[in-house]
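What follows is one structure encoded as structure tokens, with my remarks underneath.
Residue numbers (full-length UniProt numbering): 1 to 305.
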């Protein structure tokens, strides 16, 4: 059975952590280990993890950098490299509930892929008490670098990497000084090198929505309006700039075509009008929905990307 290393970043978790751990213990794929990076938890959370380790599970807990979720997951990638983790690599939040076959399905989908490959899936978006589950947004358009530059569709809590992509990602993480959003960075990196990208339309976990989420699913009208407000404030442009800065050290790993696309995208972001729109059209970038792609054009017009 293939070995899966699960990287879990936590920060002052609530009682949901116990349910997350129970869902790991219930996995039909039994060969896994858990590496936890703790960005500041109380004694109860540490005791819970210690008790979990005594039930026959391979668990290691380390202190996190305490600089946010992105830095915490970055530190986990560096820790995996330091520990010589081999095999498959998965990522976990502190408050989801995985379906029992989550890892088994991912490993089966990745099995036989000789080169780098990434698996991700939809989720069941729920209330804090796991009620009212709704499938997350579908991904009707192909995954690839032209999408990854302007949208993250690989939710970190669903990502599983095969051994080839896991080895590449941990090495690339060591080349980057900062990673703002680890899942978006992984999607950009692996699409940029031409890896196989697998999106499973079947949800693989329950994704709680509550005030403590580091990221939300953005399905409600209120969430979408908040996203528009963030766009107007320039947060999307800031996120894009941080993502490009994290990706730059790994450009030597990309295909020549995608390196050229990356350079053209960077140049387009600061080009004056009307040339900026002409350059954007040539890039053929897209988001998964028509509305999202229209918003992308508007953001480009007003230099908000």
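We treat Cβ as the ideally placed atom computed from N, Cα and C, and that holds for glycine.
For clarity, every value in this text was computed on a predicted model and none was experimentally measured.
State yes or no: is the C-beta of residue i within less than 8 Å of the C-beta of residue j?
i, j, result
"residue 183", "residue 154", "yes"
"residue 7", "residue 62", "no"
"residue 197", "residue 102", "no"
"residue 89", "residue 161", "yes"
"residue 34", "residue 51", "no"
"residue 180", "residue 243", "yes"
"residue 76", "residue 23", "no"
"residue 116", "residue 193", "yes"
"residue 130", "residue 236", "no"
"residue 67", "residue 40", "no"
Rounded to whole angstroms, how far is the Cβ of residue i from the Cβ of residue j, which I believe are closer than 8 Å?
i, j, result
"residue 138", "residue 122", "7 Å"
"residue 152", "residue 93", "15 Å between Cβ atoms; not a contact."
"residue 3", "residue 87", "4 Å"
"residue 261", "residue 251", "About 11 Å; that fails the 8 Å criterion."
Hey, could you find the ends of the beta strand (DSSP E) residue i is sitting in?
i, result
"residue 180", "Here residue 180 belongs to no beta strand (DSSP E), and DSSP marks it neither H nor E."
"residue 366", "A query on residue 366 cannot be resolved here, the shown segment of the chain reaching from 1 to 305 and no further."
"residue 59", "58 to 63"
"residue 197", "196 to 200"
From the DSSP output, which residues share a beta bridge with residue i?
i, result
"residue 366", "Residue 366 is absent from the structure shown; the chain starts at 1 and stops at 305."
"residue 8", "36, 92"
"residue 206", "97, 124"
"residue 296", "Paired residue(s): none; residue 296 is not in a bridge."
"residue 119", "160, 198"
Can you give me the start and stop residues for the alpha helix (DSSP H) that residue i sits inside?
i, result
"residue 273", "Element bounds for residue 273: n/a, residue is neither H nor E."
"residue 305", "Looking at the DSSP string, residue 305 is not in any alpha helix (DSSP H), and its letter there is neither H nor E."
"residue 238", "235 to 247"
"residue 51", "43 to 53"
"residue 147", "145 to 148"
"residue 105", "102 to 110"
"residue 20", "16 to 25"
Could you tell me whether the Cβ of residue i comes closer than 8 Å to any Cβ of chain D?
i, result
"residue 82", "In the structure shown, chain D does not exist; there is a single protein chain."
Inspect the CB distances between the stretch 166 to 176 and the stretch 95 to 107 and report whether three or more fall short of 8 Å. no
Do the stretch 267 to 284 and the stretch 129 to 143 meet, that is, are 3 or more Cβ pairs less than 8 Å apart? no
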